[in-house]
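Asker:
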Amino acid sequence: MKYQEEKKIFFREKIHSLNIFLFLGFNLSLISILGFIWFDTAIEKVV
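Residue 7 in this note's numbering sits at position 7 of the sequence shown, and the numbers go up by one each step.
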């Protein structure tokens with residue numbers, strides 16, 4: 001019984017860390033896309 005409880009807690013922690021990685025990855029891709037678009041428009045205005 002105790003073994004199952006520990007396994008459940010570990011599984012939950014694993015999912016939590018996976019969510020953090022997904023969240024960070026999504027944020028980074030979003031920032032890079034927005035940054036690229038902003039950079040592109042800035043260059044167009046200069047040229």
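Even glycine gets a Cβ: it sits at the ideal position worked out from N, Cα and C.
1) Using three-state DSSP, classify V46 as helix, strand or coil.
2) Whole angstroms is fine: what's the gap from F20's alpha carbon to K45's?
3) When you compare only the Cα positions, how much space is there between K8 and V47?
Answerer: Well, looking at it:
1) helix
2) Looking at the sequence shown, residue 20 is not Phe but Ile. Whole-angstrom Cα-Cα distance: 37 Å.
3) 58 Å
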